[in-house]
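Peer 1:
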Amino acid sequence: TETLLEVNHLVTEFRTANGSVQAVRDVSFKVDQGETLCIVGESGCGKSITSLSVIGLLPSNGSVTSGEIKYEGKQIHNLSFEEMRKMRGSKISMIFQEPMTALNPVLTIGYQLREPLMLHQGIGKAEANRKGIELLQQVGIPYPERRMKQYPHELSGGMRQRVMIAIALACRPGLLIADEPTTALDVTIQAQILDLINDLKEQLNMGVVLITHDMGVVAEVADRVMVMYAGKKVEEGTVEEIFNAPKHPYTIGLLNSVPNVDNPEFELEPIPGSLPTLTEKIEGCRFHPRCKFATDRCRMDAPPEFKVEGDHTVSCWLMDEEKMEEKEEELDGH
Ligand code: SF4
Ligand code: MG
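First residue of the sequence shown? That's 2 in full-length UniProt numbering, and the numbers climb one at a time after it.
#1: Give the single residue among 288, 258, 206 whose Cα lies nearest to the Cα of residue 234.
#2: Using only alpha-carbon positions, find the residue among 70, 74, 152, 4 that is nearest to residue 108.
#3: Helix, strand or coil for residue 1? Go by DSSP, reduced to three states.
#4: Would you mind sorting residue 10 into buried or exposed? The rule is 16 or more other CB atoms within 10 Å of its CB.
#5: What did DSSP end up calling residue 244 once you bin it into helix, strand or coil?
#6: Compare the Cα-Cα distances from residue 45 to each of 162, 13, 184, 232 and report the closest residue.
#7: Quick check: what's the CA-CA separation for residue 255 versus residue 243?
#8: In terms of residue numbering, what span does the alpha helix (DSSP H) encompassing residue 82 cover?
#9: Return yes when the C-beta of residue 288 is under 7 Å from any heavy atom of ligand 1, and no when it is not.
#10: Using DSSP's beta-bridge definition, name the partner residues of residue 177.
#11: If I follow the unbroken beta strand (DSSP E) through residue 23, where does it start and stop?
#12: In chain order, what residues of the same chain lie with their CB nearer than 6 Å to the CB of residue 239, ignoring the 5 residues before and after it?
#13: Quick check on this structure: which residue in 140, 286, 314, 313 has the alpha carbon closest to the alpha carbon of residue 302?
#14: Just tell me which of 19, 217, 75 has its CA closest to the CA of residue 188.
#15: Is the beta carbon of residue 296 within less than 7 Å of some heavy atom of ligand 1?
#16: Could you pull out every residue in the same chain whose Cβ sits closer than 6 Å to the Cβ of residue 191, ignoring the five residues on either side in sequence?
#17: Express the C-alpha separation of residue 246 and residue 220 in angstroms, rounding to a whole number.
#18: Quick one: what's got a C-beta closer than 8 Å to residue 174's C-beta in the same chain, skipping five residues either side?
#19: Excluding the 5 residues flanking residue 319 on each side, which residues of the same chain have their C-beta closer than 7 Å to its C-beta?
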């Protein structure tokens, strides 16, 4: 497999009336062909900003101030606006939570599908129309010819999200970034859209970055998981590692707040407290105000990234203690 996206030590800052604030703090990750990386965390943790940094669509007061972003080994964080626009049309596509706002209400579905095809593939209207119909079929939309002539408001939320995916796929992107793509949809439709993203990933060997706050969604689609908290990556591993052997107290908290369908009596254990604001100053581990394991060291020094096993990494001082205990056991001859 080939690495599609490589993000190294990304820092993204916003200029505000009170100076600069960091929304993404030294975050690194990779996405391979044919794999889905889920970025998970509470709303405001920096997961959307991370993906907007990658795709060059930060709001005007935001910018990548350090680190690098590479697509197929080529630096892309310093591309011009025009070069980045081309990149988005051909290599990296993004879908968002609310397809109603991303689709243009006064243009037909057909127009919105043909336009990127004609622009990026240099094909004529008739061929673009034919390809548009094919794409609608591919994302499971019945009567595609008829849908081409309709306007977004004539479609259900689930159908609109399928149209958005069709538009995102129009130029055969290597990488699809999906930011909460199913949050606005009801549960059955949500499952269908996640299945669709999974199928397309396999058929087209795409890399997928899926951003969500929902561990249920993660369980459904992720190959690997990156957990973010307050602008930092706190844990990363395969979906099995994260679900079967979570290490960071925040990850464990997220998993405990997933409703258990098999046991409706199961009590939700949400993580007490809330995410700090961007301007709040926190020394040491950024999770310490909410962590029941916090020690003085946590309050003073930010934990480094500890390797647990394979590519499973955790930024928490508890890992240091675990390592120490293992060493002591070894020394004791156990
Ligand atoms: Fe909790 Fe300390 Fe680990 Fe932070 S470093 S998550 S405060 S135990
Ligand atoms: Mg978001």
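Glycine residues also receive a C-beta, built at the ideal position from the N, C-alpha and C atoms. Small disclaimer: the values here were computed from a predicted structure and weren't measured.
Peer 2: Let me spell this out:
#1: Taking the sequence shown and counting its residues from 1, the one referred to as residue 234 is at position 233. For residue 234, the nearest C-alpha among the options comes from 288.
#2: In the sequence shown, the residue the question calls residue 108 occupies position 107. Checking every option, the nearest Cα to that of residue 108 belongs to 152.
#3: Any question about residue 1 goes unanswered here, given that the chain covers just 2 to 335.
#4: By 1-based counting over the sequence shown, the position of residue 10 is 9. With fewer than 16 other Cβ atoms from the protein chains shown falling within 10 Å of its own Cβ, residue 10 counts as exposed.
#5: Here the question's residue 244 lines up with position 243 in the sequence shown. If DSSP states are grouped into helix, strand and coil, residue 244 belongs with the helices.
#6: In the sequence shown, counting from the first residue as 1, residue 45 sits at position 44. Residue 45 has its Cα closest to that of 232, out of 162, 13, 184, 232.
#7: In the sequence shown, the residue the question calls residue 255 occupies position 254. In the sequence shown, the residue the question calls residue 243 occupies position 242. Distance between the alpha carbons of residue 255 and residue 243 is about 11 Å.
#8: Stepping through the sequence shown from its first residue, residue 82 is reached at position 81. Element bounds for residue 82: 82–91.
#9: Numbered from 1 along the sequence shown, position 287 holds the residue referred to as residue 288. Checking every heavy atom of ligand 1 against the Cβ of residue 288, one is found closer than 7 Å.
#10: In the sequence shown, the residue the question calls residue 177 occupies position 176. BP columns for residue 177 point to 94, 209.
#11: Here residue 23 refers to the residue found at position 22 when the sequence shown is read from its first residue. 20–33 is the extent of the beta strand (DSSP E) around residue 23.
#12: Position 238 of the sequence shown, counted from the first residue, corresponds to residue 239. For residue 239, where only same-chain residues beyond five positions count, the Cβ hits under 6 Å are 225.
#13: If you number the sequence shown from 1, residue 302 lands on position 301. Comparing Cα-Cα distances from residue 302 to each of 140, 286, 314, 313, the minimum goes to 286.
#14: To locate residue 188, count along the sequence shown from 1; it is residue 187. The residue with the shortest Cα to Cα distance from residue 188 is 217.
#15: Residue mapping note: residue 296 aligns to position 295 of the sequence shown, counting from 1. Correct: residue 296 has its Cβ closer than 7 Å to ligand 1.
#16: Sequence index remark: in the sequence shown, residue 191 carries index 190 (1-based). Closer than 6 Å at the Cβ level, and outside the excluded window around residue 191, lie 183.
#17: The residue given as residue 220 occupies position 219 in the sequence shown. The residue given as residue 246 occupies position 245 in the sequence shown. Taking the straight line from one Cα to the other gives about 14 Å.
#18: Taking the first residue of the sequence shown as 1, we reach residue 174 at position 173. Once the five neighbours on either side are set aside, the close Cβ partners of residue 174 are 91, 92, 93, 94, 207.
#19: Position 318 of the sequence shown, counted from the first residue, corresponds to residue 319. Within the same chain, and ignoring the five residues on either side of residue 319 in sequence, the residues whose Cβ sits closer than 7 Å to its Cβ are 294.
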